[in-house]
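At position 10 of the sequence shown the residue is numbered 18 (this note's numbering), and the sequence of numbers has no breaks.
C-beta: ideal position from N, C-alpha, C; glycine also.
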Amino acid sequence: MATPTALTYLPLATRRLLRDYAEIERAAIGENVSAGPLEANIFEWHASMRNGPLTVHLMLVFPKNYPHDPPSVTLFTPVPHANVVPSLGGYRICLDMLNPGNAAPYEGWSKCYSVASILRQLQAFIFDPAFQLDQHGTDMTIAVQRAKQFVCPKCPYTYDTPWPSFPTEYDLAKTAPTVVRRRVIAPPRKTPALRGPLIALAAEDDDAG
Ligand SMILES: [Zn+2]
């Protein structure tokens, strides 16, 4: 019988969020996305995304029945985007994958999604040039200005020192596919043993020539 671990006793949503966090820690989403839960509350994550001159900060609030239902996502500062609308405490993102309980297949939220898949979609969506329109009195200049002035009231984020910090080169390197890493770090074991005789053979060739 499998021995229950401390994790076994945590609610499903907490276990899933811990797993989602481990997924992001193991494989960074890219150099321009960072995310993590608040220290005191695993149901509230803060994330940052950047593209060109614009860095935006977001809040993801997960329901207690996650991953059955999706998180709510709020942008703290505006972006000129057709599907970003002013809302309580920030700006709401109208994105199909964040709609819960959609009966139609291939539409809306799926409990197979993880925080990593949400962040990937959000990044593509927020910075999609096709949607970047001057909206609600916001253009790109205003968006950048507002973003630079923003200081998060709930986490240590500022524009100059994003929290969580963006992935370093080391973080991105450990994300590289395992096959490639193995080839670089651990050469086949036979190589050192072969090297001696091979060098001897090469030397013999040189002598002969
Ligand atoms: Zn924050």
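Is residue i helix, strand or coil when you go by DSSP?
| i | result |
| --- | --- |
| S95 | strand |
| I150 | helix |
| R27 | helix |
| L68 | strand |
| T169 | coil |
| V192 | Reliability of the predicted coordinates at V192 is poor, the pLDDT of 49 falling under 50, and no value is obtained from them. |
| L83 | strand |
| L18 | coil |
| I32 | helix |
| I126 | helix |
| L103 | coil |
Output needed for residue i: all residues of its chain with C-beta closer than 6 Å, excluding positions within five of it in sequence on either side, in chain order.
| i | result |
| --- | --- |
| Q129 | M105 |
| F51 | F70 |
| M53 | It is worth fixing the name first, because residue 53 is Trp in this sequence and not Met. Within the same chain, W53 has close Cβ partners A43, P45, L68. |
| R100 | V93 |
Select from the options the residue whose C-alpha is nearest the C-alpha of residue i.
| i | options | result |
| --- | --- | --- |
| V92 | C160, L18, H144 | H144 |
| Q82 | Y29, G98, R23 | What sits at residue 82 in the sequence shown is Thr, not Gln. Nearest option by C-alpha distance: G98. |
| F139 | L103, C120, S125, P161 | L103 |
| K119 | Q157, V87, D77, Q131 | D77 |
| P75 | G116, A48, L96, V64 | G116 |
| L66 | E33, V159, D142 | V159 |
| A30 | D168, N59, V123 | V123 |
| Y178 | P79, A155, E33, H54 | E33 |
| Q157 | K72, P86, A48 | P86 |
| Q131 | L46, A48, R58, S80 | R58 |
| I167 | A155, T176, D28 | Note on residue identity: the sequence assigns Tyr, not Ile, to residue 167. Considering only alpha carbons, the answer is A155. |
| D28 | A48, L127, P113, P94 | L127 |
| P161 | F84, D147, T176 | F84 |
| F135 | P108, C163, P88 | P88 |
| Y121 | F133, P108, A112 | P108 |
What span of residues does the alpha helix (DSSP H) with residue i cover, start to end?
| i | result |
| --- | --- |
| F139 | No alpha helix (DSSP H) holds F139; DSSP gives it neither H nor E. |
| T183 | 177-183 |
Excluding the five sequence neighbours on either side, which residues of its own chain have a C-beta within less than 7 Å of the C-beta of residue i, listed in chain order?
| i | result |
| --- | --- |
| L180 | A36, E39 |
| R191 | Here the model assigns R191 a pLDDT of 48, short of 50, so the residue's position is not dependable, and the following value carries that caveat. The answer is none, since no qualifying residue turns up. |
| A90 | F139, L141, Q143 |
| S80 | V69 |
| D147 | P88 |
For the beta strand (DSSP E) containing residue i, list its first residue and its last residue.
| i | result |
| --- | --- |
| F51 | 49-59 |
| P45 | 41-46 |
Residues in the same chain with beta-carbon distance under 8 Å from residue i, minus the five sequence neighbours each way, listed in chain order, please.
| i | result |
| --- | --- |
| V152 | P61, L62 |
| S56 | V41, S42, A43, T63, V64, H65, L66, Y165, P170, W171, P172, F174 |
Does any CB atom of chain B fall closer than 8 Å to the CB of residue i?
| i | result |
| --- | --- |
| S95 | No chain B is part of this structure, which consists of one protein chain only. |
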